[in-house]
Ligand code: AR6
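Residue numbers (my numbering): 349 to 579.
See the structure below:
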């Protein structure tokens, strides 16, 4: 597998059996090497312009809080490039806090192609959504809605019409979605983080007291959503 050793202690030894994986998920049987895994992007730090240093503190704090609540599950912070500032900040802070590197890893890759291109199995992915839960708009939101096809839009509408900042919604992904069949993803969790970009709705105008509170709430909602799936 590509990209696997570049950003984490993770060694990609998993074999590729996409069809078996999808069949196994449909029939409710999960093979032993299928550890429940949430892949998530850094919420609010690109289009929403949240400060990277503050965001990395909050990611590590929330991972530390939840890593023992997810049973044998794993949390994986993903970003597109090896040069990702947020990945290096989080990696350094997680190592400093001695967070278990089997339960929390960072990974470089496209969150819509983690299994097919990276060999990393993740049954749940998070989306840095907009408040209307609409496709497009750029960033990871556009990538996930586009890769998932119309099935995700329909399934999302059944669960929620909009999101408030700091909240998340768990959406089961229909088996007709390419993300389900190709990547083995069974759920997408949409998360709305705090917005610091004056060009976007609900801008917090550099109020980082409010912003940090909302980002903490966003990660709590996201990880609680994952816990509810793992159970
Ligand atoms: N795979 C992995 N990570 C990605 C990908 C991808 N395909 N694409 C982007 N990232 P952003 P935000 C990383 O801007 O700041 C949207 O338009 C990116 O490098 O997607 O929360 C929505 O509709 C960064 O680390 O989300 C909202 O309006 C992280 O994902 C708004 O942007 C989040 O970047 C949300 O802004």
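The beta carbon of each residue, even a glycine, is placed where N, CA and C say it ideally should be.
Check: Coil, strand or helix - residue 583 by DSSP; Outcome: There is no way to answer for residue 583, as the model of the chain reaches only from 349 to 579.
Check: The ligand AR6 heavy atom lying under 8 Å from the CB of residue 496; Outcome: no
Check: Where the beta strand (DSSP E) containing residue 456 begins and where it ends; Outcome: 452-456
Check: Residue 428: CB within 8 Å of a non-hydrogen atom of the ligand AR6; Outcome: yes
Check: Nearest-angstrom Cβ-Cβ length linking residue 458 and residue 428, presumed shorter than 8 Å; Outcome: 6 Å
Check: Spatial distance of residue 384 from residue 471 (CA atoms); Outcome: 6 Å
Check: Residue 516 CB to nearest heavy atom of the ligand AR6 below 8 Å; Outcome: no
Check: Buried/exposed call for residue 486, threshold 16 Cβ in 10 Å; Outcome: exposed
Check: Stretch-stretch touch, CB-based, cutoff 8 Å, three pairs: the stretch 442-451 with the stretch 510-519; Outcome: no
Check: Rounded distance between the beta-carbons of residue 573 and residue 536, thought under 8 Å; Outcome: That belief does not hold up - the Cβ atoms of residue 536 and residue 573 are roughly 10 Å apart, past 8 Å.
Check: At least three beta-carbon pairs within less than 8 Å, the stretch 529-543 to the stretch 394-408; Outcome: yes
Check: Three-way DSSP call (helix, strand, coil) for residue 378 in this model; Outcome: The predicted position of residue 378 is uncertain, since its pLDDT is 44 and thus under 50; no value can be drawn from it.
Check: DSSP beta-bridge partners of residue 480; Outcome: Paired residues: none, contrary to the question.
Check: Residue 482 beta carbon near the ligand AR6 (any heavy atom closer than 8 Å); Outcome: yes
Check: Residues bridged to residue 520 [DSSP beta-bridge criterion]; Outcome: 535
Check: Residue 557 versus residue 564: straight-line alpha-carbon distance, rounded; Outcome: 11 Å
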